[in-house]
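For the first sequence, position 65 (counting from the first letter as 1) is numbered 859 according to my numbering, and the numbering increases by one without interruption. Positions of the beta carbon are idealized from the N, C-alpha and C atoms, including for glycine. Note that the coordinates shown come from a computational prediction; the quantities given were computed from them, not determined experimentally. Worksheet for the structure shown next.
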Amino acid sequence: MQRRIAHLDMDAFFASVELLRYPQLAGLPVVVGGRRGTLAGDRLEDFPRLRDYVGRGVATTATYPARALGVHSGIGLMKAAALAPDAILLPANFDDYIRYSRLFKAAVAEIAPLIEDRGIDEIYIDLTDVAGETVELAQRIKDAVRTATGLSCSIGVTPNKLLSKIASDLHKPDGLTVLDYADIPTRIWPLAARKINGIGPRAGEKLDAMGIHTIGELAAAAPERLIEEFGQHFGHWLTEVAHGRDERPVVMEREPKSISRETTFEHDLDVRADRDTLTEILVKLCERVAGDLKRKGYVGRTIGLKLRYDDFRTVTRDVTIEQATDDAATILAAVRSCLRRVPLDRRLRLLGVRVGTLLPPGEAGPRPPLPGENLRLFD
DNA sequence: TCTGGGGTCCTAGGACCC
DNA sequence: TCTGGGGTCCTAGGACCC
């Protein structure tokens, strides 16, 4: 039986939440990003402008008027300032966004409970067993989200997650798009291959170089050629998605695989001259990761260190310890052993700490045997 | 004055085991 | 002048996503 899967994406989520608080900014180019700062007053002329920003932040979200000027999420704020110097720059208020995220998800769950979380502003919804005609149902969900939050969203409904993700983006903002397999040649194939979730900048570039620009051209490409260029797994997947095939289920719960914290410094730090500062940062990162683990009730066995040099090269080292932990001092000791294995001949711009191989609450059983420990002869 | 922070998944080689 | 084959775990890096 054919499924009915929705993808719901909040429109310019962070920026839209900010506009609820500052309605006087409606219709203006607004960018959310940068380090936290405080706003002075409510008058329009008191809001900080992009042109005054100095630092290493990136844009998290931009309102549609800001996007029209070329400011998209992920762009460096200094670069964005060159494109839209008069745009208003607001610091992110994550507590607010989490609050609104819970509100919209709860509103959807009242109508359709089978929801998969895809981050703070996106969900998949399995509507297969929910009664009602598709367009009316999708409109009901949009209305419920608006009533609960005052915010608009875009929805795509199709037989699978892959197509719904593409469909929800087709008529943003405030979109409602329903597609079936029969629509693939006319609605999906003309789109750029990069529109497929999972084809990023690198794969997109490589496809371009192969003369494959649209999803239709990808569907027409010889599967053997794609496998030759991209490997068995990814190559085969490219053929499948180009034809709109995707059987992934909507999954409600998932155990986390790792928990991490990282920070980019205001300016690059020198390993010798700034060693005390770096030490302090690393200790704090370990404490924050340990706090996250405790709060969420996990322990982990793989402790990782990440660092990024001033030339943006990133290296990681990790070590697996015997006993899973959520203890800051234990994590720090493991991080220290990682630090000894990494070249420290350049200035640093980032440090990060990660704990993986997590055990869910209550499953922190006996440590697994070390290699060679279970020595048995002749069995 | 380029390029955040928190994640997942895949690949690939070596160690080790049966 | 022979030296399998399959499996898991560990580590490092990279692509990608929100």
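Cα-Cα separation, residue i to residue j
{"i": "THR857", "j": "LEU964", "result": "17 Å"}
{"i": "GLN933", "j": "THR922", "result": "16 Å"}
{"i": "ILE1125", "j": "GLU1047", "result": "27 Å"}
{"i": "GLY828", "j": "LYS989", "result": "27 Å"}
{"i": "LEU1152", "j": "GLY1094", "result": "4 Å"}
{"i": "SER867", "j": "GLU1022", "result": "34 Å"}
{"i": "GLY1005", "j": "GLY998", "result": "11 Å"}
{"i": "ILE993", "j": "ARG850", "result": "27 Å"}
{"i": "HIS801", "j": "HIS1027", "result": "25 Å"}
{"i": "THR1194", "j": "VAL1129", "result": "Limits of the chain in this structure are 795 at one end and 1173 at the other, which puts residue 1194 out of reach."}
{"i": "ARG798", "j": "ASP915", "result": "21 Å"}
DSSP three-state assignment for residue i, whether helix, strand or coil
{"i": "GLN796", "result": "coil"}
{"i": "PHE807", "result": "helix"}
{"i": "GLY870", "result": "strand"}
{"i": "HIS801", "result": "strand"}
{"i": "SER948", "result": "strand"}
{"i": "ILE993", "result": "coil"}
{"i": "ASP1070", "result": "helix"}
{"i": "ALA1118", "result": "strand"}
Contact belief for residue i with residue j at Cβ below 8 Å, rounded distance in angstroms
{"i": "GLN796", "j": "PRO1050", "result": "Actually they do not touch by this definition, with Cβ atoms about 32 Å apart."}
{"i": "ILE909", "j": "VAL902", "result": "6 Å"}
{"i": "GLU1081", "j": "ALA1122", "result": "5 Å"}
{"i": "LEU884", "j": "LEU844", "result": "Wrong, their Cβ atoms sit about 10 Å apart, outside the cutoff."}
{"i": "ARG1143", "j": "ARG1102", "result": "5 Å"}
{"i": "LEU985", "j": "THR1008", "result": "6 Å"}
{"i": "LEU945", "j": "PHE898", "result": "7 Å"}
{"i": "VAL1035", "j": "LEU1138", "result": "Not confirmed; about 42 Å, so no contact."}
Opposing strand residues paired with residue i [DSSP bridges]
{"i": "VAL924", "result": "Answer by DSSP bridge pairing: none, since VAL924 is not bridged."}
{"i": "THR1058", "result": "LEU1144"}
{"i": "ALA853", "result": "GLY827"}
{"i": "THR1110", "result": "LYS1100"}
{"i": "TYR737", "result": "Within the shown structure, residues of the chain are numbered from 795 to 1173, placing residue 737 beyond reach of any answer."}
Three CB pairs or more closer than 8 Å across the stretch 1137–1152 and the stretch 1097–1109: yes
Check whether the stretch 1029–1043 touches the stretch 1133–1140, taking contact to mean three or more Cβ pairs, one atom from each stretch, closer than 8 Å. no
Touching by the beta-carbon criterion (3+ pairs, under 8 Å), the stretch 1009–1021 and the stretch 974–993: yes
Counting pairs of Cβ atoms below 8 Å between the stretch 1105–1120 and the stretch 1069–1077, do you hit three or more? no
Inter-stretch contact (C-beta, 8 Å, three-pair minimum) for the stretch 966–973 and the stretch 835–843: no
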